[in-house]
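Chains as they are written, first to last, in our numbering: chain Z, 3 to 797; chain R, 1427 to 1667. Virtual Cβ for every residue (Gly too), placed ideally from N, Cα, C. Because the structure is a prediction, the values reported are computed rather than measured.
1) Identify the continuous alpha helix (DSSP H) that holds residue 292/Z and give its terminal residues.
2) What are the uninterrupted segments assigned as beta strand (DSSP E) that are 3 or more residues long and contained completely in the segment 183-220 of chain Z, given in chain order?
3) What residues from chain Z crowd round residue 1529/R, counting only those whose CB sits closer than 8 angstroms?
4) Does the segment 1479-1498 of chain R come close enough to the segment 1430-1442 of chain R that 3 or more CB-CB pairs lie under 8 angstroms?
5) Quick one: does residue 701/Z have its CB under 7 angstroms from some CB of chain R?
6) Would the segment 639-649 of chain Z and the segment 95-102 of chain Z be scored as touching if the rule is three or more Cβ pairs under 8 angstroms?
7) Once DSSP output is grouped into helix, strand and coil, what is the label at residue 402/Z?
8) From residue 1471/R to residue 1451/R, what distance separates their C-alpha atoms?
9) With 7 angstroms as the C-beta to C-beta threshold (strictly closer), list the residues of the segment 1604-1624 of chain R near chain Z in chain order.
10) What residue from 475/Z, 474/Z, 688/Z and 723/Z has the CA that sits closest to residue 780/Z's CA?
11) Are the Cβ atoms of residue 1459/R and residue 1465/R separated by less than 7 angstroms?
12) Thinking just about the alpha-carbon of each residue, which of 151/Z, 136/Z, 70/Z and 71/Z is nearest to the one in residue 103/Z?
13) Tell me the rounded alpha-carbon separation between residue 433/Z and residue 414/Z.
14) Evaluate the contact criterion for the segment 368-382 of chain Z versus the segment 68-83 of chain Z: three or more CB pairs, one atom per stretch, below 8 angstroms.
15) Can you list, in chain order, the residues of the segment 713-729 of chain Z whose Cβ is nearer than 7 angstroms to any Cβ on chain R?
16) Using alpha carbons as the reference points, say which of 588/Z, 576/Z, 621/Z and 185/Z lies closest to residue 1/Z.
17) Fully enclosed by the segment 43-98 of chain Z, which beta strand (DSSP E) runs are 3 residues long or longer?
18) Quick one: what does DSSP say residue 358/Z is sitting in, helix, strand or coil?
19) Please decide whether residue 416/Z counts as near chain R, where near means a Cβ-Cβ distance under 7 angstroms.
20) Counting only Cβ-Cβ distances shorter than 8 angstroms, please list the residues of the segment 1501-1513 of chain R near chain Z, keeping chain order.
21) If you measure from the beta carbon of residue 689/Z to each beta carbon in chain R, is any gap under 7 angstroms?
22) Using the beta-carbon count (16 or more within 10 Å), is residue 1655/R buried or exposed?
23) Roughly how many whole angstroms lie between the Cα atoms of residue 1612/R and residue 1519/R?
24) Compare the C-alpha of residue 246/Z against each of 675/Z, 446/Z, 218/Z and 499/Z and name the closest.
25) Where do the N-terminal and C-terminal ends of the beta strand (DSSP E) with residue 520/Z fall, by residue?
26) With a cut-off of 8 angstroms on the beta carbons, I'd call residue 1594/R and residue 1562/R a contact; round off their distance for me.
27) When you compare the CB of residue 1565/R with every CB in chain Z, is at least one pair closer than 7 angstroms?
28) Ignoring anything shorter than 4 residues, give me the alpha helix (DSSP H) runs that lie fully in the segment 469-501 of chain Z, in order along the chain.
29) For residue 417/Z and residue 1473/R, I'd like the C-alpha separation in whole angstroms.
30) Would you call residue 1528/R buried or exposed, if buried means 16 or more other Cβ atoms sit within 10 Å of its Cβ?
31) Taking the DSSP output, what are the residues bridged to residue 1597/R?
32) Buried or exposed for residue 646/Z, please, with buried defined as at least 16 other CB atoms from any protein chain shown within 10 angstroms of its CB.
33) Let me see if you follow: with CB-CB separation under 7 angstroms, is residue 711/Z close to chain R or not?
34) Who does residue 618/Z pair with in a DSSP beta bridge?
35) Can you look up residue 539/Z in the DSSP assignment and give me helix, strand or coil?
36) State buried or exposed for residue 1532/R, treating a residue as buried only when at least 16 other CB atoms are found within 10 Å of its CB.
See below:
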């Protein structure tokens, strides 16, 4: 008899689920979404890390690189002999122009490498074509980004512009390089290959074109024992003491490496936080569903207890609903995540140009994900299940229990509203229904606000990126074209550009890398010298004096790092000199947080370069850009020419690729918002069917009933929206502040921003969900079997 | 002058489908009820008495035949039209009271009174007088959870008549009440019938209650087995069950 009862109880479980299949499915979907997010993104993070670590290892990524003015190739032998040095590779690199079409040129990094063998450090993997032939002269190998941007293939022709001369080269191959998985065209700007390319040429070819025979200016080193790297760097520095070393950068400090690491870590942090929030919502929804189910089945619970079922059997019966939801949701979530993680990994490695796609299944992640999903469901179910303990058969089997169970009261808000408005009895129903089940109302508000928070926070991250770029190119970089020279040029010579056709204004500038020192701290930075009244380079001074000669203006980031105050003397370390200068002011800078500004005169004085500059900002007439650019590349010693609109567009395109996953998170947030809203509204309708039947029987039109439900929903949604928006802003701020700390230091200073249009769209989406659910509710109310329901007294 | 017909059923049948089985709840019912009658419909469980009440009240539709209430043929009305019909013509009293739990006693009555579109001032007075009529003026601000079953049912009666309907339909109104409370409810219904001229149709399985009716209809297996006119119905106080 007992065994039959257990089987019957199991039958009841499945039949109950079937009668509430829509709700059950929605809850399963919520759990699937949560587990899918966590499992797939965790595995994708591991896969990406493995892929790029493998790439760095296979391609013998340099442990450190020395950048110097010039040194003879013979110095490499001395460095090889240092104990901890594993391999050394010397290169010559310059910035130059690339002619991508007859009327378009872009800038590029030209790197001369050994053509008789593949590099022993910072190797490249050939994706198309082949490596150089021994003795190759007019040949090149393109880094994959520029090849992809312009559709170059092995065998095509390629034109470099060096010192105004065009050089035609044969593309021997297309390659991926661990150094340039993420390519930076400036210290802060990621390039997709559209405005900046990396080109490898035979070393001796480049040396001969530049008249720098046997000269190198980059030395790439790998070490045997990474723990001794500092010592090794010191030893290398002493070998190179006679040569002007500009900087030594460790592999882990290269911008591309850091950006990649940041992207993957950030990706993982977002995924973790999102998963927890989604599962919290799932737990709350299960709580609501089970509580409702248990209340509606209290007669049955009473009967089971009266029959002699033990408490733990009844508790376990109801817990089984949640366990089943967890089982189904977690299993499907975990299974889909296997494929999803592979797709994610493949997508990201392709976008980044990582030449190796290492994917694998991580059983520990799958098991953890499954357990997290299951546990969340059980946690949501515990309290309602324990409430069955409070139910005594004699009480719960009273027929009109529904009216006894719902303790009516006049809420405070109604009393306040009554002072200002005459509320109809019907409108009081809407207000009071909010308070008839406080836990459900609160958990609905919380569920919707958490979903909104997910959506708004993702918009916050994406909008902040986009807005920062837009503001940067509007308020700071106000030029149309910017040209940089590889040597110092007389200011007058540069100003002659003003005479060209189509030029409105020319402002010379100086830019150079340096270090600044205060106390015991030294920071690498960029020094920019601009005219005092520059109109083409925006400078926002937030504290201190007006922009003037004699002092330095630094960014807030530098002030924070060095603990500076206005009026203090800091030391600029450049070209083997130490120059003391007073801090006149603090400025805001979006692109590259470690920037210092000087007037041109002060910069020239400090650098000891007389009346010379190495760049110019240009304002041009519309439609003249390409001619001006062409002419600029024909000038001698032009290192690079940047067109603002192209740079801005490229930034935005790159950001769009990196914001795919925030969009995926956004979609998940929308799904959760839908499921929470739908679930709650459906429960509200179902549990009040008998009340609706009574009202319909009294002659109250359906429209009025559904309007009351709509008002009730709106009264819940308004605080949910306010809370969700607030939380969304806070969370997006948190994301921007915490896990982009690294980013802020190195690349871009993000200003928190959420586009009002995105907020509006989110609210419209929510309202659309409510309207759809209400349409469904209206249909449900229409289908009410009045004659049956008015005979029932169940809640 | 003879009272006019308020309810007329002509060859009315109702069949339900329960799974694959067809259940004939009512078979070929012909019935006329005059205005001002106190009708009790009797029958055992499953005899079709609630179905009959539901058809008269416009909350169910006949499978065949015509249902005419207060001159309106209900068969062809749409759902919206039926709702409007009920609003104007019918008051319901349910076995399980069916009060809205989040509204006070007064507000439950007001909910129905507002449907009759009388102006605000009159409504308050009307509702107060109704509460007095049912003897629960002092309980106006109590919620259903704070009232006994009998008190809830009396509030339900006040609600049912708040719209001043032509017809009051009561489905086992004393089913959940003890004798004392049940008698109080029946007294109210009797007053409504005798003092205010309301037509009342009451469904019950309790044969004793039939003694207070002016017209008793017995149903058996979905058919009318007996229609008995009672010229001198007894008072509620004389009832005993």
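Looking at the atomic coordinates:
1) 257-298
2) 198-204
3) 410, 427, 430, 431 and 434
4) yes
5) yes
6) yes
7) Low confidence applies to residue 402/Z: its pLDDT is 49, below 50, so where it sits in the model is not reliable, and the reading given next is rough at best. Residue state, collapsed to three classes: coil.
8) 11 angstroms
9) none
10) 688/Z
11) yes
12) 151/Z
13) 10 angstroms
14) no
15) none
16) The structure shown does not extend to residue 1/Z, since chain Z is modelled only from 3 to 797, so the question has no answer here.
17) 66-74
18) coil
19) no
20) 1505, 1506, 1509, 1510, 1511, 1512 and 1513
21) no
22) exposed
23) 12 angstroms
24) 218/Z
25) 505-520
26) Rounded, the Cβ-Cβ distance is 18 angstroms, inconsistent with contact.
27) no
28) 493-497
29) 49 angstroms
30) buried
31) 1629/R
32) buried
33) no
34) 485/Z and 510/Z
35) strand
36) buried
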